[in-house]
Amino acid sequence: MGHREELLAGAQECLHDKGWGRTSARDVVAASGTNLASIGYHFGSKDALLAAALVASTAECAEAVDQALTDDAPATPAGDPLDRFERTWERVVERVARDERMTTATVEALAQAPRVPQVRSALAAAADLTREDLALTFHATGDDEERTRVLGAFYQSLLLGTLVQWAVDPAGAPTGRDLAEALRVIVTDSGSS
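With my numbering, letter number 159 in the sequence shown gets 161, and the count goes up by one each step, no holes.
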């Protein structure tokens, strides 16, 4: 592993342990076993390095969630949609629960996106693909781009909300069963208010 990769790994570790605001260039150097000059040489600045590390972390998170969405998923969705929804979200929540680094990286990226253009653009590009993947996990949308976008945005909101709840209050965060039960209530109680 070269200095560039060591710096990225060290910066990812620092982002997880200290967050963006509390990470110094010296922290990254200590975590990576490199030197201060290599930050400037490879990335131009500490902030550019942290942005690259955050983008790399969120890409890893996206891969982990994608794997959770597709693990054990049937090639053709069959059966009760709410049961399928519950099984899928159980896998996602299980993945979130066992990978604190993924949750931390996602929440950190969301917090930095409004202020760091590189992070914002990487998240925006990933969001389009994530929405489509999420929609297609649960629905055959065909060529209906608007339907795919709307369904994907719903599932993405659910995913990000679940990640934030796990970051803030793991004991009170929803399970896949909780999410499915809430959806059942919403669907069956829609006209009773």
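The beta carbon of each residue, even a glycine, is placed where N, CA and C say it ideally should be.
Under 6 Å Cβ to Cβ from residue i, same chain only, skipping five residues before and after it: list those, please.
{"i": "R122", "result": "A115"}
{"i": "T36", "result": "H5, E8, L9"}
{"i": "H141", "result": "L153"}
{"i": "T25", "result": "C16"}
Evaluate residue i with the Cβ neighbour count: other Cβ atoms within 10 Å of its Cβ, from every protein chain shown; 16 or more gives buried, anything less gives exposed.
{"i": "A126", "result": "exposed"}
{"i": "V152", "result": "exposed"}
{"i": "I188", "result": "exposed"}
{"i": "S34", "result": "buried"}
{"i": "L10", "result": "buried"}
{"i": "V170", "result": "exposed"}
{"i": "A173", "result": "exposed"}
{"i": "L131", "result": "exposed"}
Going straight from the alpha carbon of residue i to that of residue j, what length do you get?
{"i": "F87", "j": "A61", "result": "24 Å"}
{"i": "A99", "j": "H5", "result": "32 Å"}
{"i": "W168", "j": "A175", "result": "5 Å"}
{"i": "A66", "j": "D73", "result": "10 Å"}
{"i": "G144", "j": "F156", "result": "18 Å"}
{"i": "G81", "j": "D146", "result": "23 Å"}
{"i": "V95", "j": "D29", "result": "32 Å"}
{"i": "E102", "j": "R93", "result": "15 Å"}
{"i": "T177", "j": "A54", "result": "32 Å"}
{"i": "P119", "j": "G12", "result": "22 Å"}
{"i": "W91", "j": "A124", "result": "25 Å"}
{"i": "T105", "j": "D191", "result": "32 Å"}
{"i": "T139", "j": "E148", "result": "16 Å"}
{"i": "A58", "j": "Q69", "result": "17 Å"}
{"i": "G46", "j": "T150", "result": "39 Å"}
{"i": "A32", "j": "A129", "result": "33 Å"}
{"i": "R137", "j": "E183", "result": "Note on residue identity: the sequence assigns Ala, not Arg, to residue 137. About 20 Å."}
Give me, in chain order, the residues of the same chain whose beta-carbon lies closer than 7 Å to that of residue i; leave out the 5 immediate sequence neighbours on both sides.
{"i": "T78", "result": "Any answer about T78 is weak, because its pLDDT of 47 lies below 50 and its placement is not dependable; what the coordinates show is given next. None."}
{"i": "A27", "result": "L38, I41, K48"}
{"i": "G21", "result": "E110"}
Are the CB atoms of residue i and residue j nearer to each other than 8 Å?
{"i": "L56", "j": "L17", "result": "yes"}
{"i": "V109", "j": "L165", "result": "yes"}
{"i": "D135", "j": "L71", "result": "yes"}
{"i": "G163", "j": "R133", "result": "no"}
{"i": "A107", "j": "C63", "result": "yes"}
Considering only heavy atoms of the ligand ATP, does any lie closer than 7 Å to the CB of residue i?
{"i": "A124", "result": "For the ligand ATP, the structure offers nothing, since it holds no ligand at all."}
Which parts of the region 119-191 are runs of the alpha helix (DSSP H), unbroken and 4 residues or longer, counting only runs that do not cross its ends? The qualifying runs are 119-140, 147-170, 178-190.
Which ranges does the alpha helix (DSSP H) cover as unbroken runs of at least 4 residues, wholly within the region 86-119, from first to last along the chain? Annotation note: the region 86-119 contains the following uninterrupted alpha helix (DSSP H) runs of length 4 or greater, listed N- to C-terminal: 102-114.
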